[in-house]
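With the working numbering applied, the sequence shown corresponds to residues 547 to 1474, in that order. All C-beta atoms in this analysis are idealised placements derived from N, C-alpha and C, irrespective of residue type, glycine included. Treat the numbers as computed from the prediction; the structure is a model and nothing was measured.
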Amino acid sequence: MPRRTSRTALDRLRTPGRLTGFLKSASVCVLIAGLLSPLAQTASAADTATANDYCGGQCSDILPPGENGNATLAQVLLNQSFGTQPDHAEDQLGPYANLAKGYPALTNSTINTFFNDASFGVPSDQVASTLSPAGRTDVTIVRDKKTGVPHITGTTRYGTEFGAGYAAAQDRLWLMDVFRHVGRGQLTTFAGGAASNQGLEQQFWRNAPYSEADLQAQIDNAVAANGARGQQALADANAYLAGINAYIDASDSGRYFPGEYVLTGHKDSVTNAGTIDHFKITDLVALASVIGALFGSGGGGEVNNAISLMAAQQQYGVAKGTEVWESFRERNDPEAVLTVHNGESFPYAAKPANAQGQALPDAGSVATEPLVYDATGTGADQSASAASATATANALTSARRGMSNALVVSGKYTASGHPVAVFGPQTGYFAPQLLMLQEIQGPGISARGASFAGLSMYVELGRGQDYSWSATTSGQDIIDTYAVELCQDDYHYLFHGTCTAMDKIEQKNSWAPTTADGTAAGSYTMRVWRTKYGPVEYRATVGGKKVAYTTLRSSFMHEADSIIGFQMLNDPDYVKSPGTFQSAVQHINYTFNWFYADSAHTAYYNSGNNPVRASGVDAEFPVWAQAAYDWKNWNPATNTADYTPASAHPNSIDQDYYISWNNKQAKDYATASWGDGSVHRGNLLEDRVKKLVAAGGVTRASLVKAMADASLADLRAEDVLPDLLKVVNSSTVTDSTAAAAVSKLQTWLTAGGKRTETSAGSKKYADADAIRILDAWWPLLVKGIFEPGLGTSLYTAMQANLPVDESPSAAHGPTGAHAGSSFQYGWWSYVDKDVRAVLGESVQGPPADKYCGGGSLSACRDILISTLKTAAGKTAAQVYPGDDLCSAGDQWCADSIVQRTLGGIKHYNISWQNRPTFQQVVEFTSHR
547 MPRRTSRTAL DRLRTPGRLT GFLKSASVCV LIAGLLSPLA QTASAADTAT ANDYCGGQCS
607 DILPPGENGN ATLAQVLLNQ SFGTQPDHAE DQLGPYANLA KGYPALTNST INTFFNDASF
667 GVPSDQVAST LSPAGRTDVT IVRDKKTGVP HITGTTRYGT EFGAGYAAAQ DRLWLMDVFR
727 HVGRGQLTTF AGGAASNQGL EQQFWRNAPY SEADLQAQID NAVAANGARG QQALADANAY
787 LAGINAYIDA SDSGRYFPGE YVLTGHKDSV TNAGTIDHFK ITDLVALASV IGALFGSGGG
847 GEVNNAISLM AAQQQYGVAK GTEVWESFRE RNDPEAVLTV HNGESFPYAA KPANAQGQAL
907 PDAGSVATEP LVYDATGTGA DQSASAASAT ATANALTSAR RGMSNALVVS GKYTASGHPV
967 AVFGPQTGYF APQLLMLQEI QGPGISARGA SFAGLSMYVE LGRGQDYSWS ATTSGQDIID
1027 TYAVELCQDD YHYLFHGTCT AMDKIEQKNS WAPTTADGTA AGSYTMRVWR TKYGPVEYRA
1087 TVGGKKVAYT TLRSSFMHEA DSIIGFQMLN DPDYVKSPGT FQSAVQHINY TFNWFYADSA
1147 HTAYYNSGNN PVRASGVDAE FPVWAQAAYD WKNWNPATNT ADYTPASAHP NSIDQDYYIS
1207 WNNKQAKDYA TASWGDGSVH RGNLLEDRVK KLVAAGGVTR ASLVKAMADA SLADLRAEDV
1267 LPDLLKVVNS STVTDSTAAA AVSKLQTWLT AGGKRTETSA GSKKYADADA IRILDAWWPL
1327 LVKGIFEPGL GTSLYTAMQA NLPVDESPSA AHGPTGAHAG SSFQYGWWSY VDKDVRAVLG
1387 ESVQGPPADK YCGGGSLSAC RDILISTLKT AAGKTAAQVY PGDDLCSAGD QWCADSIVQR
1447 TLGGIKHYNI SWQNRPTFQQ VVEFTSHR
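Spelled out as structure tokens, the structure:
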């Protein structure tokens, strides 16, 4: 194991003249640059009262790599040179990684070998430090010896929140600073001009181009609309900010602030010249806009949908082309796995019988709206252009990275009679982590769990006194695309009959080389043209008329509103039952699936401000920006409208079990992203949990095992490969190459079709050849099956709606490669349905045509064998070409998870698991 260093006089080590290449990898997705934390405090014995803990020692959690996301300059240099780790920077990574091989033997008594004890309080013999921040007498921060998690206890509300802010800055100051600059579109100026930094700020600022006045207005409106709770939220936020800023002042004067401030040129290591800017309340809104865009804003993609629909109609004619398009869209697939599986219907965003107001572009007229202007230096080079193109694609797609999963079982089917839950968000893997652990106890607040850094005035995902909650991304459509007709010039548009000027919003950025990021000097201006219908994303013509396509999101200009829901979740006097839990999360306007468990009940609720659309509007496609097609009672000045009532959102109490892995929520409830068909990664949980429930006697250990087993499964192998092999084996395979490949695939399938090491730490997969063959075969077989029938143009257009594959070794959007989360988006359902149709099996919601071999079993078999032979001949180096971390051909490394240390502290990579980043295991034994 790496050696550890304590915070000593070494913390004042001076900066070398240059640290070549340092922080380069971090820039790749700067969303994670940084690390931080304060000097260790003197330990004193102190017990936190635990009389309010009803979990009976049966609540656990984990959040790798470790709680401490701070590193002084000395610690950064020691880590880079010798691999030493600051205290508590990496101590949750090993237990997290070890579950992949340790879960088969798991028992209730060994759960905390792989998780932390998430009981309230700290036993006196486990107290590592006790701090009264800034000398306050109304709050203490106790950290435990095992993980260094802050346990904040206040006697006043202000003191409690002050302590939460101070602890957040201790553990995540640099990361919080990075995030506020991402949200403001100022990342490159702050952290350097690396191409990935450029891409990151462009991706987020395109969707949330707010001025300072916009940010402040969102705070004012959220406070005004929520009465006493709004006023309390404002007071909590101000106290939290005071705690952050107190730590900034203390660490600056004490010279133990994060070393990145020196390495990026904001502080001088010799004179201590330079400043770390205090946080202000609008920074919290900027931070919230990033998190909301990443995980809680379903929708968009209407222009891409229109392009693929027109390609289908061009290929097949209007009627048949529309039928083909709808079969691939799978809006309401009868074979899709559901979270609410009792048959209850929750209609939303359904296909209208007679669509009204559609504004489909003229063929070939669509052009993406530029974001970057006046670029110079490295803001205009090839790398910058590539990063900008990727950022644009990520910002405009409906295939947003949902991630996260949940397994919740009613007490009726557990061994104890109490509900059991294993759940958490998949937020990628960073160093420090985007989330941080904490316990907060004070007037009106009693919770432990995870919060996004810089937004941790409340626990966002975690447990209360006698209940626990978590969330997964839901992705229902709260973003619509409007075609605004231009008038006068390209920067005026018709708004309800009046020619109106667009608002020009700009952000000018420039950068120069630093020790952390040696990217040469450059600059550019980001420019967004904003209308009352949202920012302009594309230009086109519709019926020969010039239009701008804009995107209107129901949470736009409302990034701060969800604070009320989180405040309620932390309030033990508010959440006392499944019903009050559902009431709390109804105040969260982002698109999430929320899950709840206490000692007797379970519950589920789908949140988000779902706009009530005008009659006949099809949410899949752009519509004209005309009053007849506006959201019902839409007020453009405040971007408010009528929203579907709570009862219309998928919701449930005490269903036998719930699973979620970003799958379809309920019957008739459409999501914006494609891929909710017969094969979805949610099936990996559904099949396992359904089997456990049928047998009864579910325990925490057995539910963790189900999650862990699913986390190693290759979805394609488990749910599609059996049918592919049926076709291949429909007659004897005589070709020796194909026969050998089939034998390897069948052996792997018989062993479970998992991507798992031969033994812990071997860094070699069992059935490595079979895995290599399937990884190579999948894109070839998809193309072989579908391109001949669809034609190249339509096949390509459909891939813009739904990527063909998302294997563990693939890049994963804004989080990059080595991000763990896999098999969310892909053509597995299309292949499954088509191959079953060719085999003559029953298919509900079948494809419009039979594509594999034109429906001929023998011709389909020829395609599969031909592509299989090609795949089998590909070397490991061709399938896994290597990157900055992995050499070509290193299969295990290509899949492995990396804690993306865009700051100074590096961690080892771990074997792949498709699993939540922060995860809870809970079973409450009693209730208030």
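Asked, Found
"Simplified DSSP state of Ala1143, which is helix, strand or coil", "strand"
"Exposure of Asp1144, with buried meaning 16 or more beta-carbon neighbours within 10 Å", "buried"
"Cβ-Cβ separation, Gly1221 to Asp1023 (assumed contact under 8 Å), whole Å", "Not confirmed; about 14 Å, so no contact."
"Pairwise C-alpha distance: Leu1098 and Met1003", "29 Å"
"Cα-Cα separation, Gln1128 to Thr1217", "21 Å"
"Straight-line Cα distance separating Ala937 from Thr656", "43 Å"
"Rounded straight-line distance, which links the Cα of Gln1211 to that of Tyr649", "29 Å"
"Gly739 to Pro978 span [Cα, whole Å]", "21 Å"
"Distance CB(Val1468)-CB(Gln604) smaller than 8 Å", "yes"
"Opening and closing residue of the alpha helix (DSSP H) in which Lys1272 lies", "Leu1267 to Val1274"
"Assigned secondary structure, Pro893 (DSSP; H/G/I helix, E/B strand, else coil)", "strand"
"Span of the beta strand (DSSP E), counted from its first residue to its last, around Pro1081", "Gly1080 to Val1088"
"Under 8 Å between C-beta atoms of Gln1390 and Glu636", "no"
"Residues near Thr828 in its chain [Cβ-Cβ closer than 8 Å; skip 5 each side]", "Glu758, Leu761, Gln762 and Ile765"
"Ala798 - containing alpha helix (DSSP H), residue span", "Looking at the sequence itself, residue 798 is Asp, so the reference to Ala does not match. Looking at the DSSP string, the run of the alpha helix (DSSP H) that includes Asp798 is Gly773 to Gly800."
"Identity of the residues DSSP links to Ala993 by a beta bridge", "Ile986"
"For Leu855, the three-state DSSP class (helix, strand or coil)", "helix"
"Run of the beta strand (DSSP E) containing Val1093, from where it starts to where it stops", "Lys1091 to Arg1099"
"Whole-angstrom distance between Ala741 and Gly910, CA atom to CA atom", "30 Å"
"Alpha helix (DSSP H) runs contained entirely in the region 689-774, provided each spans 4 or more residues", "703-729, 733-737, 741-753 and 758-770"
"Distance between Arg1407 and Thr1413 (C-alpha atoms, nearest Å)", "10 Å"
"Spatial distance of Asp717 from Glu1264 (CA atoms)", "41 Å"
"As assigned by DSSP and simplified to three states, the class of Tyr1039", "strand"
"Close-in-space but distant-in-sequence residues of the same chain around Ala932 (CB under 8 Å, 5 per side omitted)", "Ala741"
"Asp1049 and Arg1076 closer than 8 Å at C-beta", "yes"
"Which listed residue (Gly1337, Ser1442 and Asn1185) has its alpha carbon closest to that of Ser1367", "Ser1442"
"Three-state secondary structure assigned by DSSP to Ser931", "helix"
"Pair within 8 Å by beta-carbon distance, Ala857 and Ser1339", "yes"
"Buried/exposed call for Asn1455, threshold 16 Cβ in 10 Å", "buried"
"Distance between beta carbons of Leu1326 and Thr1416, contact taken as under 8 Å", "6 Å"
"Sheet register partners of Phe976 (DSSP bridge)", "Arg1446"
"Assigned secondary structure, Val1279 (DSSP; H/G/I helix, E/B strand, else coil)", "coil"
"Beta strand (DSSP E) segment containing Trp1015, residue limits", "Tyr1013 to Thr1019"
"Where Gln587 falls: helix, strand or coil (DSSP)", "Confidence in Gln587 is poor, its pLDDT being 31 and thus under 50, which makes the residue's placement too unreliable to answer from."
"Gln1465 - DSSP class collapsed to helix/strand/coil", "strand"
"Length of the line joining the Cα atoms of Thr594 and Ala1256", "At Thr594, the pLDDT of 41 sits below 50, so the modelled position is not reliable and the matter cannot be decided from this model."
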